[in-house]
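The end of the sequence shown is residue 529 by this note's numbering, with every number in the run present.
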Amino acid sequence: MENLPKICVDTTDAFMTTERFGTREEVIRWIKEVGIDNKVTVIISRSDTETGKRGRSNKIIFGCDKGGKHKISDSGTQSASKKCGCPFKIRSTPAKDGSGWKIDVKCGLHNHGLPDRLEGHSFIGRLTTDEKQHVADLAKRHVAPRNILLSLQDKFPENVTRITQVYKHKSVIEKEIRGPRSEIQHLFKLIEDAGYVYWSRKQDDSEVVREIFWAHPDSVKLLNIFPIVLVMDSTYRTNKYRQPLFEIVGMTSTELTFAVGFAYMESEQTENFCWMEVVWASDEVEYGQRLHQLEQACVDYSGFINYVKDTWLTPHRHRFVGAWINRVLHLGNTTTNRVESAHWKLKQMLGNSIGDMVKCWEAMNNNLRLQLGNIRASFQKSFYEVEHAHVSPFYGYLRGSVSRAALRRIAEELLRVDYVGTNRKICGCTLRTSYGLPCACELGRYRVGGNPCITFFPMTSSHSPSVSIYCIGFVNQNHWVQVNMKEGFPLPPVTLDWKKFHSHIATTWMLGFAGRMQHWQLLTPILA
2 MENLPKICVD TTDAFMTTER FGTREEVIRW IKEVGIDNKV TVIISRSDTE
52 TGKRGRSNKI IFGCDKGGKH KISDSGTQSA SKKCGCPFKI RSTPAKDGSG
102 WKIDVKCGLH NHGLPDRLEG HSFIGRLTTD EKQHVADLAK RHVAPRNILL
152 SLQDKFPENV TRITQVYKHK SVIEKEIRGP RSEIQHLFKL IEDAGYVYWS
202 RKQDDSEVVR EIFWAHPDSV KLLNIFPIVL VMDSTYRTNK YRQPLFEIVG
252 MTSTELTFAV GFAYMESEQT ENFCWMEVVW ASDEVEYGQR LHQLEQACVD
302 YSGFINYVKD TWLTPHRHRF VGAWINRVLH LGNTTTNRVE SAHWKLKQML
352 GNSIGDMVKC WEAMNNNLRL QLGNIRASFQ KSFYEVEHAH VSPFYGYLRG
402 SVSRAALRRI AEELLRVDYV GTNRKICGCT LRTSYGLPCA CELGRYRVGG
452 NPCITFFPMT SSHSPSVSIY CIGFVNQNHW VQVNMKEGFP LPPVTLDWKK
502 FHSHIATTWM LGFAGRMQHW QLLTPILA
């Protein structure tokens with residue numbers, strides 16, 4: 002003991018005990034708990050099990066984590082060691098009388114000071130079985146390591162784990178899941194197990210994957226139902242390989258975005274995709290006015306205005322000017338805002354831009370699960386919920402069959418009927434051409450005195466003067482009645498249900514009365 006340094010801490014009394022322990026695991030647990038209570042990091046220096054061979058016996062030798070000598074490295078790199086030759090030593094062996102394992106403190110002294118707290122000690126900071134399971138559960142939900150650490154500290158107050166241990170255990174979990182497969186092999190396995198549709202392209206004469214595309218099976222179903230508008234764009238900073246992520250999104254009848262497919266590409270090329278920006282001008286007259294204003298504002302910058310006109314407006318205006326865009330069925334998607342929003346949500350799920358392909362796919366898959374759940378909920382709301390603005394009998398044949406989003410647009414367009422009437426030039430018919438919904442001038446033809454009247458033809462018979470037809474009118478703003486029409490009297494428009502469900506034989510009914518229905522349009526008060 003005379004060779005000990007001046008610093009000397011005696012912990013002998015803390016570890017002295019006459020207790021007997023049933024198993025070696027109980028001994029290890031007790032000594033480590035006492036060590037933590039006394040700010041001593043106890044490690045197993047040596048352990049042996051009796052096998053019947055000479056020199057082998059049941060024993061455990063415990064020491065301090067600062068025991069042993071500091072080894073000097075010639076590598077030239079910065080290194081450090083906690084070793085300082087601490088003499089602390091405890092020996093545990095089974096008692097000869099068979100009463101259990103006993104503890105013998107050989108040296109309870111330490112040649113170094115003891116810490117006030119145990120944070121930063123890698124051995125003490127090791128995760129327990131329960132803590133490892135907690136980390137695994139949170140990592141599966143893509144919780145950030147810093148938040149996992151905070152959750153550990155909340156759930157296990159005595160935990161002194163540092164964030165490095167969290168990262169290490171996450172790495173262990175990923176290696177166990179992946180097994181011997183490479184990253185791209187594991188990605189293909191996940192895609193196939195989830196039933197995705199996928200395609201990949203390799204480099205010539207090699208097994209190196211250049212590009213890969215995948216689509217969720219439910220996304221394919223949605224695409225078949227809502228194929229009218231697709232918005233495409235690329236985004237960056239989603240993976241550690243810096244490959245651009247190409248995303249295709251569509252829009253449901255409830256105006257929610259759904260992801261059609263994803264692709265990782267080597268680079269952005271013309272053959273892969275293109276996208277357009279928009280300039281608003283509702284018609285060609287307004288476009289001419291705005292262009293003239295731009296020319297006046299840029300009168301001193303002739304080079305700039307000539308470039309804009311010659312390079313963009315003259316050859317390509319039909320692609321991005323509203324006056325021409327509104328002639329196509331775009332459902333309100335005239336910019337890439339919808340896909341940009343999808344990019345943002347995906348990056349929120351990714352958390353960072355240093356993940357591999359597998360982590361990126363898992364984040365996309367989780368994002369899709371949430372997205373598809375919201376879409377299903379929106380469909381159910383359109384089926385079973387009626388907005389107050391759509392209680393009117395005017396929407397009677399649409400409620401439950403048309404999405405609430407479409408009904409809102411029809412309701413907004415209905416407000417224009419008193420001003421537009423049935424004049425197509427005033428109406429512009431933008432809702433019809435860009436959304437496929439009835440515009441103001443069409444709605445005007447369905448209204449008499451502000452309320453709808455409709456005609457019912459037979460559903461299954463061919464045109465015959467001996468078969469009755471029925472006309473329904475709205476009376477006193479509060480109820481429907483059947484109206485007996487005189488021979489040759491103009492007829493209101495045909496109910497949508499008849500158009501939808503009649504047999505092919507009955508098609509001649511509407512053709513035979515086309516002139517009388519046109520006469521009705523001429524008699525409607527809104528034309529006056």
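For each residue, glycine too, the CB sits at the ideal point set by N, CA and C.
Buried versus exposed, by CB contacts within 10 Å (16 or more), residue i
i, result
"Trp215", "buried"
"Cys275", "Reliability of the predicted coordinates at Cys275 is poor, the pLDDT of 25 falling under 50, and no value is obtained from them."
"Gln166", "buried"
"Phe502", "exposed"
"Val209", "exposed"
"Arg339", "buried"
"Pro158", "exposed"
"Ala390", "exposed"
"Trp345", "exposed"
"Ala529", "Legend: pLDDT at Ala529 = 33, less than 50; position of this residue unreliable, no value from coordinates given."
"Thr129", "exposed"
"Cys9", "exposed"
"Gly251", "buried"
"Glu443", "buried"
"Asn240", "buried"
"Asn148", "exposed"
"Lys156", "exposed"
"Gly445", "buried"
"Asn368", "buried"
"Tyr385", "exposed"
"Phe490", "exposed"
"Pro181", "exposed"
"Gln349", "exposed"
"Asp234", "buried"
"Val43", "buried"
Secondary structure of residue i, DSSP reduced to three states
i, result
"Asp206", "coil"
"Phe259", "strand"
"Tyr237", "coil"
"Val468", "coil"
"Tyr398", "coil"
"Phe16", "helix"
"Glu386", "coil"
"Glu175", "helix"
"Thr508", "helix"
"Arg147", "helix"
"Pro95", "strand"
"Thr456", "strand"
"Ala81", "coil"
"Ala216", "strand"
"Gly69", "coil"
"Ile376", "helix"
"Ser342", "helix"
"Ser254", "coil"
"Ser152", "helix"
"Asp498", "helix"
"His520", "helix"
"Leu330", "coil"
"Gly489", "coil"
"His111", "strand"
"Gln244", "coil"
"Val41", "coil"
"Gly474", "strand"
"Lys103", "strand"
"Tyr168", "helix"
"Thr226", "A small correction: the amino acid at residue 226 is Ile; Thr does not occupy that position in the sequence shown. DSSP places Ile226 in helix when its eight states are reduced to three."
"Ser404", "coil"
Whole-angstrom C-beta distance between residue j and residue i, which should lie under 8 Å
i, j, result
"Arg21", "Lys107", "Rounded, the Cβ-Cβ distance is 18 Å, inconsistent with contact."
"Trp481", "Ile473", "5 Å"
"Ile427", "Val421", "5 Å"
"Cys87", "His71", "With a Cβ gap of about 11 Å, Cys87 and His71 do not count as contacting."
"Gln146", "Ile125", "Looking at the sequence shown, residue 146 is not Gln but Pro. The pair is not a contact, with the Cβ atoms about 19 Å apart (cut-off 8 Å)."
"Lys67", "Lys84", "6 Å"
"Ile376", "Thr253", "6 Å"
"Glu184", "Asp357", "5 Å"
"Ser220", "Ala260", "6 Å"
Distance cut-off 6 Å: residue i Cβ against heavy atoms of the ligand ZN
i, result
"Ser183", "This structure lacks the ligand ZN; in fact it carries no ligand of any kind."
Touch check for the stretch 452-471 and the stretch 495-507: three-plus C-beta pairs under 8 Å? yes
Identify every run of the alpha helix (DSSP H) within the stretch 411-441, keeping only runs that are complete inside it and at least 4 residues long; order them along the chain. 418-421, 425-428 and 431-436
Check whether the stretch 192-202 touches the stretch 162-180, counting contact only when three or more Cβ pairs, one atom from each stretch, lie closer than 8 Å. no
Would you call the stretch 136-155 and the stretch 58-65 in contact, with 3 or more CB pairs under 8 Å? Judged by pairs of C-beta atoms under 8 Å, the stretch 136-155 does not touch the stretch 58-65, as fewer than three such pairs exist.
Using 8 Å as the Cβ pair cut-off and three pairs as the minimum, do the stretch 408-419 and the stretch 429-441 touch? yes
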